[in-house]
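I have placed the structure first, in the form of structure tokens, so that the comments after it can refer back to it.
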Amino acid sequence: MVCSGARNLVLSVALTQVAQENGYQVWSHYDERSAGFFMLGRLQASYANQANKVGVIVATSGTAIAELLPAVIEAHTQQRPLIILSADLPRSYNDSGAPQCMPQLQLFDGFIEGKIDIDLTLNESPDEWVQQLEENWSGHDVWQLNVRFPETDIKVIEALQTEELRGLLSPDLGDADSKIALKRQPFQVADLMHFLEQDTWRGLVVMLGGLEVEDRAEVLAFLKQLKAPVLADVTSGLRGALGALELLGGESIVQQHKPGKILRIGEVPSGRFWRDLEELPKVKVSSITRQHEPGLARESQWIQCTSITRVLKGLGDVEAVDDVLDLLPQDRKRQGKLQELLAAYPQSEASWMREVSIFASLGNSWYLGNSLPIRYAALTAQSDVCYEEVRANRGVNGIDGQVATFLGLASSCDASWAVLGDVTTSYDVGAFALAKKLPQDSVAYLVVMNNSGGRIFEQLPFFKGLSPQVQEMILQNPELDLSALAQLWKAHYKLVNAPEDLEAVVESELTGLHIIEIRPDASQSKELSLRLKQL
Numbered sequence: 001m002v003c004s005g006a007r008n009l010v011l012s013v014a015l016t017q018v019a020q021e022n023g024y025q026v027w028s029h030y031d032e033r034s035a036g037f038f039m040l041g042r043l044q045a046s047y048a049n050q051a052n053k054v055g056v057i058v059a060t061s062g063t064a065i066a067e068l069l070p071a072v073i074e075a076h077t078q079q080r081p082l083i084i085l086s087a088d089l090p091r092s093y094n095d096s097g098a099p100q101c102m103p104q105l106q107l108f109d110g111f112i113e114g115k116i117d118i119d120l121t122l123n124e125s126p127d128e129w130v131q132q133l134e135e136n137w138s139g140h141d142v143w144q145l146n147v148r149f150p151e152t153d154i155k156v157i158e159a160l161q162t163e164e165l166r167g168l169l170s171p172d173l174g175d176a177d178s179k180i181a182l183k184r185q186p187f188q189v190a191d192l193m194h195f196l197e198q199d200t201w202r203g204l205v206v207m208l209g210g211l212e213v214e215d216r217a218e219v220l221a222f223l224k225q226l227k228a229p230v231l232a233d234v235t236s237g238l239r240g241a242l243g244a245l246e247l248l249g250g251e252s253i254v255q256q257h258k259p260g261k262i263l264r265i266g267e268v269p270s271g272r273f274w275r276d277l278e279e280l281p282k283v284k285v286s287s288i289t290r291q292h293e294p295g296l297a298r299e300s301q302w303i304q305c306t307s308i309t310r311v312l313k314g315l316g317d318v319e320a321v322d323d324v325l326d327l328l329p330q331d332r333k334r335q336g337k338l339q340e341l342l343a344a345y346p347q348s349e350a351s352w353m354r355e356v357s358i359f360a361s362l363g364n365s366w367y368l369g370n371s372l373p374i375r376y377a378a379l380t381a382q383s384d385v386c387y388e389e390v391r392a393n394r395g396v397n398g399i400d401g402q403v404a405t406f407l408g409l410a411s412s413c414d415a416s417w418a419v420l421g422d423v424t425t426s427y428d429v430g431a432f433a434l435a436k437k438l439p440q441d442s443v444a445y446l447v448v449m450n451n452s453g454g455r456i457f458e459q460l461p462f463f464k465g466l467s468p469q470v471q472e473m474i475l476q477n478p479e480l481d482l483s484a485l486a487q488l489w490k491a492h493y494k495l496v497n498a499p500e501d502l503e504a505v506v507e508s509e510l511t512g513l514h515i516i517e518i519r520p521d522a523s524q525s526k527e528l529s530l531r532l533k534q535l
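Numbering (the working numbering), first residue to last: 1 to 535.
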């Protein structure tokens with residue numbers, strides 16, 4: 001991905017030439033923040049992991065590179081292989097206050113695996129880059145390659161054409177020509193084995209967060225052996241595959257009948273109960289995750305590994321712990337009541353999510369925005385058919401770059417879906433320029449739940465006690481005209497009022513980006529939310 005600027009022009013040319021020689025695709029965008037999240041979406045696609053692909057972003061100096069920080073933080077949390085190739089001024093400019101001079105080498109500290117700084121004015125060789133990456137890069141995280149040079153001259157161009165640098169920018173890890181091999185992370189499973197064997201009479205529930213596609217089969221086989229109740233986020237990709245083991249009536253069942261042990265597999269779960277565990281020290285928690293941290297501030301045990309499959313294979317066969325708290329029979333009753341409520345409030349946001357989930361199951365990928373969309377999906381998404389790929393930015397990210405991430409994911413799919421809120425969509429309007437670069441025969445459906453902004457705040461306990469003026473300030477209604485937005489970016493637009501309208505959009509067979517607006521009934525959404533709390 002190239003974000004063009006005057007100082008990084010030579011870097012952009014070098015990367016583009018390498019890409020052309022190796023048959024790689026080069027993208028370009030004028031907004032670094034959207035570009036970073038677009039590349040994150042590209043790296044989330046299952047093909048990227050299976051083919052050991054690396055994302056490279058070329059950024060210019062000054063505050064432009066700072067716009068990449070949100071995407072870098074999220075990529076680091078998700079353990080995505082992203083290289084930031086940043087242009088910089090020579091070291092002699094440090095602390096000078098010269099135009100566009102800033103300490104950009106420290107900008108990403110704490111959110112990257114490593115960094116390399118090379119000053120071409122001091123005749124430093126790109127060989128150093130290759131050696132450091134060979135020795136230190138895991139191939140699963142973010143690295144910054146910072147190149148310092150003055151205004152472009154022939155010596156700079158020659159330095160950037162060296163064989164070492166061109167080999168470094170060939171973004172396939174572990175292939176026959178790559179000098180950089182993926183590194184396996186060590187881990188121990190002894191504590192996890194004890195966790196699964198001891199005190200199982202207290203009740204064990206598995207909480208599934210987001211999973212990589214290549215881990216699903218091993219996770220499913222493990223869960224069928226364990227035979228414990230499973231509370232699965234839709235991003236796990238295993239809804240519809242768990243059968244009688246899955247708790248589909250919502251997480252209220254575990255809130256009312258708290259298990260003694262929680263085994264979390266994958267990303268941090270999106271539901272409220274995971275956060276409630278902070279105040280439940282008697283509930284023992286163990287996690288298997290790609291992330292660097294355990295996901296809880298309280299005491300818990302965890303294994304961090306980029307391959308959950310390797311961890312589960314290391315465990316070997318496990319004994320069944322079963323449903324000792326009889327949660328599954330109680331959950332079946334809740335499921336029936338939930339379906340009745342969805343039918344009773346068809347224009348509520350949760351019911352609309354159910355309808356969209358059915359259509360999304362027909363595509364190659366489904367991207368979910370943060371806050372309400374991912375929570376409603378966990379509660380009401382269909383569970384009859386497994387999704388090929390379900391993604392969300394649930395590491396540290398809020399509403400940054402959601403449109404861009406979706407379009408990055410959509411760029412590798414024939415048919416893709418996303419559900420975002422109106423505030424989230426308005427926050428990333430510039431990213432829509434990337435839609436014109438989608439594959440010619442592909443189709444991307446962006447469903448926008450236009451609930452007049454920030455409605456998740458209404459569910460917070462203290463919200464009702466605030467003055468109307470403060471409530472209005474918090475809700476931040478963007479008053480987004482989605483039809484005008486679609487016209488601006490030459491996308492298809494449709495306001496849907498019934499499920500039949502969604503079907504008509506799909507049957508139109510029009511390629512490109514579709515912006516689908518849904519305006520849920522606020523009163524029905526509020527009433528359904530209240531009724532759900534009573535289940």
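Beta carbons: idealized from backbone N, C-alpha and C, even for Gly.
Does the Cβ-Cβ distance between Val109 and Arg148 come in under 9 Å? In the sequence shown, residue 109 corresponds to position 109, counting from 1. In the sequence shown, residue 148 corresponds to position 148, counting from 1. What sits at residue 109 in the sequence shown is Asp, not Val. The answer is no: Cβ separation not under 9 Å.
Quick check on this structure: which residue in Tyr445, Lys490, Asn450 and Leu502 has the alpha carbon closest to the alpha carbon of Ala536? Given a span of 1 to 535 for the chain in the structure shown, any question on residue 536 remains unanswerable.
Between Ser46 and the rest of its own chain, which residues show a CB-CB distance below 6 Å, the 5 nearest in sequence each way excluded? Looking up residue 46 in the sequence shown gives position 46. Contacts found: Val213 and Glu389.
Expressed to the nearest angstrom, what Euclidean distance is found between the alpha-carbon atoms of Ala176 and Ala433? Translated into positions along the sequence shown, residue 176 becomes position 176. Translated into positions along the sequence shown, residue 433 becomes position 433. Low confidence applies to Ala176: its pLDDT is 48, below 50, so where it sits in the model is not reliable, and the reading given next is rough at best. Going from the Cα of Ala176 to the Cα of Ala433 covers about 36 Å.
Buried or exposed, going by whether 16 or more other CB atoms sit within 10 Å of the CB of Ala418? Mapped onto the sequence shown, residue 418 falls at position 418. By the 10 Å Cβ count, Ala418 comes out buried.
Can you give me the start and stop residues for the beta strand (DSSP E) that Tyr493 sits inside? Numbered from 1 along the sequence shown, position 493 holds the residue referred to as residue 493. Run containing Tyr493: His492 to Val496, per the beta strand (DSSP E) assignment.
State the DSSP-derived secondary structure class of Met102, mapped to helix, strand or coil. Residue 102 sits at position 102 when you count from the first residue of the sequence shown. Coil.
Backbone secondary structure at Ala176 - three-state DSSP: Position 176 of the sequence shown, counted from the first residue, corresponds to residue 176. With a pLDDT of 48 at Ala176, under the threshold of 50, the predicted position of this residue should be treated as unreliable, though the coordinate-derived value follows. Note: Ala176 maps to coil in three-state DSSP.
Val318: which of Glu355, Pro294 and Ala190 sits nearest, CA to CA? As a working note, residue 318 is residue 318 in the sequence shown. The shortest Cα separation from Val318 among Glu355, Pro294 and Ala190 belongs to Ala190.
Can you give me the C-alpha to C-alpha distance between Ser351 and Ala377, rounded to a whole angstrom? Taking the first residue of the sequence shown as position 1, residue 351 is located at position 351. Taking the first residue of the sequence shown as position 1, residue 377 is located at position 377. Each residue's Cα considered, the two are about 10 Å apart.
Apart from the five residues just before and just after Ile65, which ones in its own chain have a Cβ nearer than 8 Å to its Cβ? Sequence index remark: in the sequence shown, residue 65 carries index 65 (1-based). Answer for Ile65: Glu32, Ala59, Ile84, Ser86, Gln104 and Leu107, listed in chain order.
I need the DSSP call for Lys464, collapsed to helix, strand or coil. As a first step, residue 464 is located in the sequence shown; it is residue number 464 there, counting from the start. In the structure shown, Lys464 sits in a helix (DSSP, three-state: H, G or I).
Can you name, in chain order, every residue of its own chain whose Cβ lies under 6 Å from the Cβ of Arg264, other than the five neighbours on each side? Translated into the one-based positions of the sequence shown, residue 264 becomes position 264. Cβ neighbours of Arg264 beyond the five flanking positions: Met207 and Ser287.
Evaluate contact between the segment 383-397 and the segment 441-449, counting only Cβ atoms and requiring at least three cross-stretch pairs below 8 Å. no
For my contact list, His140 and Thr306 are in at a C-beta cut-off of 8 Å; report their separation, rounded to the angstrom. The sequence position of residue 140 within the sequence shown is 140, counting from 1. The sequence position of residue 306 within the sequence shown is 306, counting from 1. His140 to Thr306, Cβ: 5 Å. Contact.
Name the DSSP beta bridge partners of Gln301, please? Looking up residue 301 in the sequence shown gives position 301. Answer is Ser286, bridged to Gln301.
In whole angstroms, what separates the C-alpha of Leu41 from that of Gly512? Here residue 41 refers to the residue found at position 41 of the sequence shown. Here residue 512 refers to the residue found at position 512 of the sequence shown. Note on residue identity: the sequence assigns Gly, not Leu, to residue 41. Spanning the two alpha carbons is a distance of roughly 17 Å.
When you compare each of Ser416, Ile112, Leu122 and Lys490 to Arg91 by their alpha carbons, which one comes out closest? Taking the sequence shown and counting its residues from 1, the one referred to as residue 91 is at position 91. If we check each option's Cα against that of Arg91, Leu122 comes out closest.
Between Lys490 and the ligand MN, is the CB less than 8 Å from at least one heavy atom? The model on display carries no ligand, and the ligand MN is accordingly not part of it.
Residues near Leu438 by beta carbon distance below 8 Å, same chain, minus five either side: The residue labelled residue 438 in the question sits at position 438 within the sequence shown. These residues qualify, in order along the chain: Leu407, Ala410, Ser411, Ala444, Gly512 and Leu513.
Would you identify the three-state DSSP class for Gln144, choosing helix, strand or coil? Along the sequence shown, one-based indexing puts residue 144 at 144. Correct three-state label for Gln144: strand.
Applying the 10 Å Cβ sphere with the 16-neighbour rule, what's the burial state of His76? Counted from its first residue, the sequence shown places residue 76 at position 76. The residue is buried, with at least 16 neighbouring Cβ atoms inside 10 Å.
What residues are listed by DSSP as bridge partners for Gly421? Start at 1 with the first residue of the sequence shown, and residue 421 comes out as number 421. Partner(s): Met449.
Inspect the beta-carbon positions of Ile253 and Gln330 and report whether they are closer than 9 Å. Translated into positions along the sequence shown, residue 253 becomes position 253. Translated into positions along the sequence shown, residue 330 becomes position 330. Yes, they are a contact pair.
Check whether the segment 527-534 and the segment 341-348 are in contact - that is, three or more C-beta pairs closer than 8 Å. yes
For Ser350, list the residues DSSP reports as bridge partners. Working through the sequence shown from its first residue, we reach residue 350 at position 350. Position check: residue 350 holds Ala in this sequence, whereas Ser was assumed. The partner list for Ala350 (beta bridge, DSSP) is empty, contrary to what the question assumes.
Could you check what DSSP says for Val390 in three-state terms: helix, strand or coil? What you label residue 390 is simply residue 390 of the sequence shown in a count that begins at 1. In this structure, Val390 counts as strand in the three-state DSSP scheme.
Ser300 to Gly5 span [Cα, whole Å]: Counting from one through the sequence shown, the residue named residue 300 turns up at place 300. Counting from one through the sequence shown, the residue named residue 5 turns up at place 5. In a straight line, the C-alpha of Ser300 is about 46 Å away from that of Gly5.
For Leu325, which residues from the same chain have a beta carbon less than 7 Å from its beta carbon, with the 5 sequence-adjacent residues on both sides left out? To locate residue 325, count along the sequence shown from 1; it is residue 325. Taken in chain order, the residues that qualify are Gly203, His257 and Pro259.
Give me, in chain order, the residues of the same chain whose beta-carbon lies closer than 6 Å to that of Gly363; leave out the 5 immediate sequence neighbours on both sides. Taking the sequence shown and counting its residues from 1, one reaches residue 363 at position 363. Cβ neighbours of Gly363 beyond the five flanking positions: Ala415, Ser416 and Trp417.
Rounded to the nearest angstrom, how far is the Cβ of Leu220 from that of Glu251, given a contact under 8 Å? In the sequence shown, residue 220 corresponds to position 220, counting from 1. In the sequence shown, residue 251 corresponds to position 251, counting from 1. Not really, about 21 Å apart at Cβ, beyond 8 Å.
Span separating the alpha-carbon of Gln469 from that of Val423: Within the sequence shown, residue 469 is the residue found at index 469, counting from 1. Within the sequence shown, residue 423 is the residue found at index 423, counting from 1. Those two C-alpha atoms are separated by around 19 Å.
When we look at the beta-carbon of Lys536 and count the other beta-carbons within 10 Å, is it buried (16 or more) or exposed? Since the first residue shown for the chain is 1 and the last is 535, residue 536 is missing from the structure and cannot be characterised.
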